[in-house]
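Sequence order for the protein chains is A and B.
Per the numbering used here, the first sequence starts with residue 187, numbered consecutively.
Per the numbering used here, the second sequence starts with residue 859, numbered consecutively.
Note sheet for the following structure.
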Amino acid sequence: MLLINGHPASSVDTKALASKFRTFIDPDFVVSDTDSKRPFECDGLSVYKEMPRLVVMPASTDEVRKAMRLCHEHGVPVVVRGAGTGLSGGALPHPDGVLLSLTRLSNIIDIDPAARQARVQPGVRNLEISEACDEYGLFYAPDPSSQIACSIGGNVAENAGGVHCLKYGLTVHNVLQLTLVTVDGEVITVGNEGLESAGPDLLALIIGSEGMLGVVTEVIVKLLPKPSHCQVILASFDNIESAGDAVGGVIASGIIPAGFEMMDSYAIKAAEDYAHAGYDTDAAALLLCELDGTAEEVASGIDRCTKMFEKYGATSIRVSKDEAERALYWKGRKSAFPAIGRISPDYYCMDGTIPRRSLSKVLSEIARLSTEFGLRVANVFHAGDGNMHPLILFDESKPGELKKAEAFGAKILELCVEVGGCITGEHGVGVEKLPQMLVQFDDAELAQLNAVKDACDPDGLLNPGKGVPTLKRCQEYRSL
Amino acid sequence: MTDLAQLQEQVSDASSEGKPLCIVGGNSKHDVGRESSGDPISLRNYSGVVDYQPTELVITVRAGTTLTELKEILASENQMLACETPELEGVATVGGALACAQSGPSRPWYGSIRDQVLGVRLINGKAEHLRFGGEVMKNVAGYDIARLQAGAMGAFGLITEVSLKVLPRPESTKTVCRRLDADRAIQVMNEMSGTPLPLTGASWYDGNLHFRLVGQSSVIDAIAAELEGDVLADGDEFWTALREQSLPIFKGAGELWRLSMRANAAHSKPDGDWLIDWGGARRWLSGAYDRAELESTAVESGGEVTQVRGGDRSAEILPTLPEAHRAMLQRLKQAFDPEAIFNRGRLYSWL
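Structural data, given as structure tokens:
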């Protein structure tokens, strides 16, 4: 018998558990009927579905603390969920567990414009923060493409990036302090309102830990002054290699663009059909290069980058003339995923990171695999930081096609590791990439990661079966 | 040149005998942290560049490489380690700088040394050589063991290799100096930091507020001309002295305290010899003070205090932690270093 925390797993009756939750959480937010639980059975990676025993929606740190105590006492697994936009199955429910949804913790508690920080609850949407502090000329930098919907708690769990990370960093670079509820219901504060915290950097450990080490119930984020000027260059190329070289050329010349994105011809066409951003649909590759700063800095940067793109053989170059045009150019890129969703019944989004110099090699290998598997691929690429998002197009209703897409995706991730990159840049491991963790790490490294998990969650109750494969799973994957 | 196998063997021996090891790089930070005893294990000769890809903005070096060497290598490609970690007379090593999380005046704008870390290799207490993170900007595979090492002072293992993000060197810098009292200086620093000016330094010491601007000369000259205060001809000297901790407040044998707090926290108590850096977020105070009093001042301002120098180095010097926090650190220590051989007690008596 599986023992969790000394108790047989799930020994407690679901009904009894629900009534215990209802003693401290508004009963309307302790959900046990199947129909009401249905919307929670998957996150943004909907090929994985599981029905939780209960969906529980606490409204305060104290309710989270009590919920964790209760689950800990009875050895009930807990999966924490934010907005459910994750793309790796990280918020997939556990069949014996409670799904802890933090959407009711959705208040911006305080904005301190003078200190340039905001104290927010985890259910606050990413974009909401920048909108709320816009009046002070400030913004929250990480901007994942899902920023309209994704929550800051989820961003912390995944160490979310976005299109501006080369210059402004990831979530880990933009969070000052976290309130963390431990698996046994203790509350600790990690980091502080200053810029350094003595001792091991627990903030870095918790950020990106996919809800496996604790439950974040409050976040203090750093806000940055909005740059006074911002312009984007749209440059078309007739081959991918030249576009890739142009990116390297710009960075080698000492310019750090605020955003630097690349799309291949398939992604360009889909995005243009969807967003009418004015993209050159004959191009083999498109670069979006954004410069920000003072008027002089931007003017000089635009001039230098434009010359660089000419040098590398750009077939057309346009520079945004105003904010409306800048927004339009970005709209195409930011809607690339839904645009692909429109032309294919299903798509599978990959998230490997590679050293930029390997781009040509990786793209041609992806093209070869695309032929081999008989599945089309569209590529969008955070060119500045090497994070690529190949979108594999497939049709789930065709027998075997999902399996084929997954096998294709796995090959892409292995390729990323082979060229010196990694299996996930910003979407997380979740359930999806567990087998590829064995490509990324050796046994001793996985054992060390599992030891860290055990240190924070000895009974393995927090998001079990995600993030880091257990020793047993490793053996299973190896024998496949 | 020390080789890796030697280091692993030394760790393995210490582990089987349960004998503590004291990790040494350039030995420039022997007084950082609490008193800790153990057989020295030196990384100083485990040095050199493993890989440097300027167009990828990434360098990987062995931990014993000095910051001065690193700086020279990067300068040859017109790049830099943006966090301005102190070189401490040319002997401070990359491993030591990361373990002690040392970042300089540019920290609020360019990030800390932890922020530049992309990956590490380390030897854990079982003498296993492990790699976490990598050489790419974005990597969320597994827990962030690499950045966890920042500030751990070796408690979680022997760092052998570090991959760092690097940046292009700015064309030029300009320093503007204004005479102001501390209260007003804090206010001005925060106001300036809230604007999109190309700042990389805002520090107040001895009645002078210093600002540093970076970028193209033509751009920053124009900005500097419009700011209140005097443009200094030898402005870099101040920032070097601040970075290298050679200003008078850092000298001497008395007690030195470092407070981390909300950047705009009022400058109230106690009166004394203060240095305010990082646009107000980091404050140094020298002299004998009651630790509990300073701690309550720091906590009221959303922060914490560390006794950097002086006092009883066998007592606790880092911020006081609640039991649950302490338990988590102890279990993490156990996870990396089951025999507790690395820098025992260097951070806390119980770690």
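Cβ atoms here follow ideal geometry from the backbone N, Cα and C, with glycine treated the same way.
On the criterion of 16 or more Cβ atoms from any shown chain inside 10 Å, does Gly-192 of chain A qualify as buried, or is it exposed?
Summary for Gly-192 of chain A: the model assigns pLDDT 46, below 50, so the residue's position carries little reliability; its value from the coordinates is reported in the next sentence. Looking at its Cβ environment, which holds fewer than 16 other Cβ atoms inside 10 Å, Gly-192 of chain A is exposed.
Going by DSSP, which residues form a beta bridge with Met-536 of chain A?
Beta-bridge pairing links Met-536 of chain A to no other residue.
Using the beta-carbon of each residue, which ones in chain A are nearer than 9 Å to His-1068 of chain B?
Under the 9 Å cutoff, chain A gives no residues; its nearest Cβ is about 18 Å from His-1068 of chain B.
Can you tell me whether Glu-875 of chain B is buried or exposed, with buried defined as 16 or more other CB within 10 angstroms of its CB?
Label assigned to Glu-875 of chain B: exposed.
Between the alpha carbons of Met-187 of chain A and Leu-286 of chain A, how many angstroms are there, rounded?
For Met-187 of chain A, the predicted model reports a pLDDT of 39, less than 50, meaning its position is unreliable; a value from the coordinates is still stated below. Going from the Cα of Met-187 of chain A to the Cα of Leu-286 of chain A covers about 26 Å.
Considering only C-alpha positions, which residue in the set B:Val-919, B:Ala-1082, B:Ala-1124, B:Arg-1120 is nearest to Asp-1039 of chain B?
Measuring from the Cα of Asp-1039 of chain B, the nearest candidate turns out to be B:Ala-1124.
Among residues of its own chain, excluding the 5 on either side of Gln-303 of chain A, which ones have a beta-carbon nearer than 7 Å to its beta-carbon?
Excluding positions up to five away in sequence, the list reads Leu-362, Glu-379, Ile-406, Val-407, Lys-408, Leu-409.
In the segment 632-650 of chain A, which residues sit with their C-beta less than 7 Å from some C-beta in chain B, listed in chain order?
Hits within the stretch, in order: Gln-634, Leu-635, Ala-637, Val-638, Asp-640, Ala-641, Cys-642.
Give the straight-line distance between the Cα atoms of Gly-1168 of chain B and Ser-1104 of chain B, rounded to the nearest whole angstrom.
Distance between the alpha carbons of Gly-1168 of chain B and Ser-1104 of chain B: 17 Å.
Quick one: residues in its chain with C-beta nearer than 8 Å to the C-beta of Ile-1078 of chain B, no 5 flanking neighbours on either side, listed in chain order?
Excluding residues within five positions, the ones whose Cβ falls inside 8 Å are Ser-1030, Thr-1031, Lys-1032, Pro-1056, Leu-1071, Val-1072.
Output the boundary residues of the beta strand (DSSP E) element that contains Trp-1115 of chain B.
Its beta strand (DSSP E) spans residues 1114-1118.
Taking its Cβ as the centre, do 16 or more other Cβ atoms sit within 10 Å of Ile-297 of chain A, making it buried, or is it exposed?
Label assigned to Ile-297 of chain A: buried.
Who are the neighbours of Asp-1079 of chain B on chain A, taking C-beta pairs under 9 Å?
Correct list: empty, because the minimum Cβ distance to chain A is about 10 Å.
Grouping DSSP H, G and I as helix and E and B as strand, with all else coil, what is Leu-601 of chain A?
Residue state, collapsed to three classes: helix.
For Tyr-910 of chain B, which beta-bridge partners are listed by DSSP?
Bridge partners of Tyr-910 of chain B: B:Ile-917.
DSSP three-state label for Thr-860 of chain B, please.
Coil, per DSSP.
Are the segment 949-961 of chain B and the segment 877-885 of chain B touching by the rule of at least three beta carbon pairs closer than 8 Å?
Output reads yes: the segment 877-885 of chain B touches the segment 949-961 of chain B.
Is it the case that the Cβ atoms of Ser-1021 of chain B and Gly-977 of chain B are separated by a distance below 7 Å?
Yes, Cβ-Cβ distance for Ser-1021 of chain B and Gly-977 of chain B is below 7 Å.
The alpha helix (DSSP H) that contains Gly-487 of chain A, what's its start and end?
Element bounds for Gly-487 of chain A: 481-497.
Within 7 Å of any Cβ in chain B, is that where the Cβ of Gln-307 of chain A sits?
Gln-307 of chain A does not count as touching chain B.
Excluding the five sequence neighbours on either side, which residues of its own chain have a C-beta within less than 7 Å of the C-beta of Val-198 of chain A, listed in chain order?
So the qualifying residues of the chain are His-260, Val-262.
Look up Ser-1051 of chain B in the DSSP assignment and say whether it is helix, strand or coil.
Three-state result, Ser-1051 of chain B: helix.
Measuring straight from C-alpha to C-alpha, what distance separates Glu-496 of chain A and Asp-489 of chain A?
Computed Cα separation, rounded: 11 Å.
State the beta-bridge partners of Arg-1036 of chain B as determined by DSSP.
B:Leu-1067.
Count the other C-beta atoms from every protein chain shown that fall within 10 angstroms of the C-beta of Ser-550 of chain A, then say buried if there are 16 or more, exposed otherwise.
Exposed, by the Cβ-count rule.
Whole angstroms is fine: what's the gap from Ala-1083 of chain B's alpha carbon to Gly-1065 of chain B's?
Each residue's alpha carbon lies about 21 Å from the other.
Quick one: does Arg-490 of chain A have its CB under 7 Å from some CB of chain B?
For Arg-490 of chain A, the answer is no, since every Cβ of chain B falls outside 7 Å of its Cβ.
Would you verify that the beta carbon of Glu-427 of chain A is, or is not, closer than 7 Å to some beta carbon of chain B?
Chain B contact via Cβ: absent.
Where Arg-1189 of chain B and Leu-273 of chain A are concerned, what is the direct C-alpha to C-alpha distance, given to the nearest angstrom?
Roughly 31 Å separates the two Cα atoms.
With DSSP run on the structure shown, which of helix, strand or coil describes Lys-1023 of chain B?
Strand, per DSSP.
If you run the structure through DSSP and keep just helix, strand and coil, what is Gln-1192 of chain B?
Reduced to three states, the DSSP call for Gln-1192 of chain B is helix.
Just reading off the alpha helix (DSSP H) that Ser-222 of chain A is part of, what are its end residues?
Run containing Ser-222 of chain A: 220-223, per the alpha helix (DSSP H) assignment.
Compare the C-beta of Leu-862 of chain B against all C-beta atoms of chain A and say whether one is closer than 7 Å.
So, not an interface residue.
Locate the alpha helix (DSSP H) running through Phe-207 of chain A, then write down its first and last residues.
From DSSP, the alpha helix (DSSP H) with Phe-207 of chain A extends over 200-208.
Give the residues from the segment 312-342 of chain A that approach chain B closer than 8 Å (Cβ to any Cβ), ordered along the chain.
Those residues of the segment 312-342 of chain A that come within reach of chain B (Cβ to Cβ, closer than 8 Å) are Tyr-322, Gly-323, Leu-324.
According to DSSP, which residues form a beta bridge with Met-938 of chain B?
BP columns for Met-938 of chain B point to B:Leu-1025.
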